[in-house]
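Numbering (the numbering used here), first residue to last: 7 to 167.
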């Protein structure tokens with residue numbers, strides 16, 4: 007009886023890991039102060055099966071040139087124009103409030119990016135240390151693995167995202 011329960015639990019854990027959730031170790035400082043190097047994050051791989059990322063979501067995505075898994079924040083959605091100016095980010099000429107940034111970060115000024123259908127524009131929260139859509143352009147949805155939902159390690163960083 008107990009072996010059947012244990013087998014069921016193992017099977018459920020394998021299913022969840024393969025099809026629903028994954029864990030990611032943060033390897034870069036590009037999302038500070040929200041995420042720090044060595045934070046361990048749970049990613050919901052099914053988050054966008056029926057919907058589209060929302061502005062502000064932190065997504066796990068495959069880096070376009072390197073193929074490594076990185077975490078970035080969704081800023082621009084399909085059909086929008088993202089303008090980066092010295093004072094901050096504008097979406098369709100409306101200033102984007104970004105309280106998660108913490109301290110003022112340097113942003114190269116006066117660039118505009120159109121976001122095509124089926125794509126998102128992503129930025130790291132640590133704009134000075136982030137390689138993101140400013141470097142490789144809007145990302146196709148196919149590069150997104152899922153939505154970061156929880157920091158689970160280290161314990162002092164534990165929180166919902």
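Cβ atoms here follow ideal geometry from the backbone N, Cα and C, with glycine treated the same way.
Just so it is clear, the structure is predicted and the values come from calculations on it, not from any experiment.
Work out the CA separation of residue j and residue i for me, nearest whole Å.
{"i": "residue 55", "j": "residue 124", "result": "13 angstroms"}
{"i": "residue 33", "j": "residue 136", "result": "12 angstroms"}
{"i": "residue 140", "j": "residue 95", "result": "12 angstroms"}
{"i": "residue 166", "j": "residue 52", "result": "17 angstroms"}
{"i": "residue 119", "j": "residue 92", "result": "15 angstroms"}
{"i": "residue 163", "j": "residue 41", "result": "9 angstroms"}
{"i": "residue 63", "j": "residue 71", "result": "22 angstroms"}
{"i": "residue 83", "j": "residue 161", "result": "33 angstroms"}
{"i": "residue 49", "j": "residue 121", "result": "24 angstroms"}
{"i": "residue 149", "j": "residue 126", "result": "10 angstroms"}
{"i": "residue 101", "j": "residue 28", "result": "34 angstroms"}
Hey, quick one: how far does the alpha helix (DSSP H) through residue i stretch, first residue to last?
{"i": "residue 29", "result": "Per DSSP, residue 29 belongs to no alpha helix (DSSP H); it is in the beta strand (DSSP E), 27-31."}
{"i": "residue 140", "result": "139-142"}
Where does the unbroken beta strand (DSSP E) through residue i begin, and where does it stop?
{"i": "residue 96", "result": "94-97"}
{"i": "residue 79", "result": "75-82"}
{"i": "residue 119", "result": "117-120"}
{"i": "residue 46", "result": "46-50"}
{"i": "residue 129", "result": "125-129"}
{"i": "residue 161", "result": "Premise fails: residue 161 is in no beta strand (DSSP E) and is neither H nor E."}
{"i": "residue 61", "result": "That residue, residue 61, is in no beta strand (DSSP E); it is neither H nor E in DSSP."}
Have a look at the DSSP bridge pairing and note the partners of residue i.
{"i": "residue 100", "result": "97"}
{"i": "residue 152", "result": "66"}
{"i": "residue 145", "result": "126"}
{"i": "residue 91", "result": "94"}
Classify residue i: buried if its beta carbon has 16 or more other beta carbons within 10 angstroms, exposed otherwise.
{"i": "residue 89", "result": "buried"}
{"i": "residue 99", "result": "exposed"}
{"i": "residue 5", "result": "Any question about residue 5 goes unanswered here, given that the chain covers just 7 to 167."}
{"i": "residue 103", "result": "exposed"}
{"i": "residue 31", "result": "exposed"}
{"i": "residue 36", "result": "buried"}
{"i": "residue 210", "result": "Here the chain comprises residues numbered 7 to 167, so residue 210 is not present and cannot be evaluated."}
{"i": "residue 144", "result": "buried"}
{"i": "residue 105", "result": "exposed"}
{"i": "residue 59", "result": "buried"}
{"i": "residue 45", "result": "buried"}
{"i": "residue 138", "result": "buried"}
For the segment 76-84 and the segment 129-139, state whether three or more C-beta atom pairs, one from each stretch, are separated by less than 8 angstroms. yes
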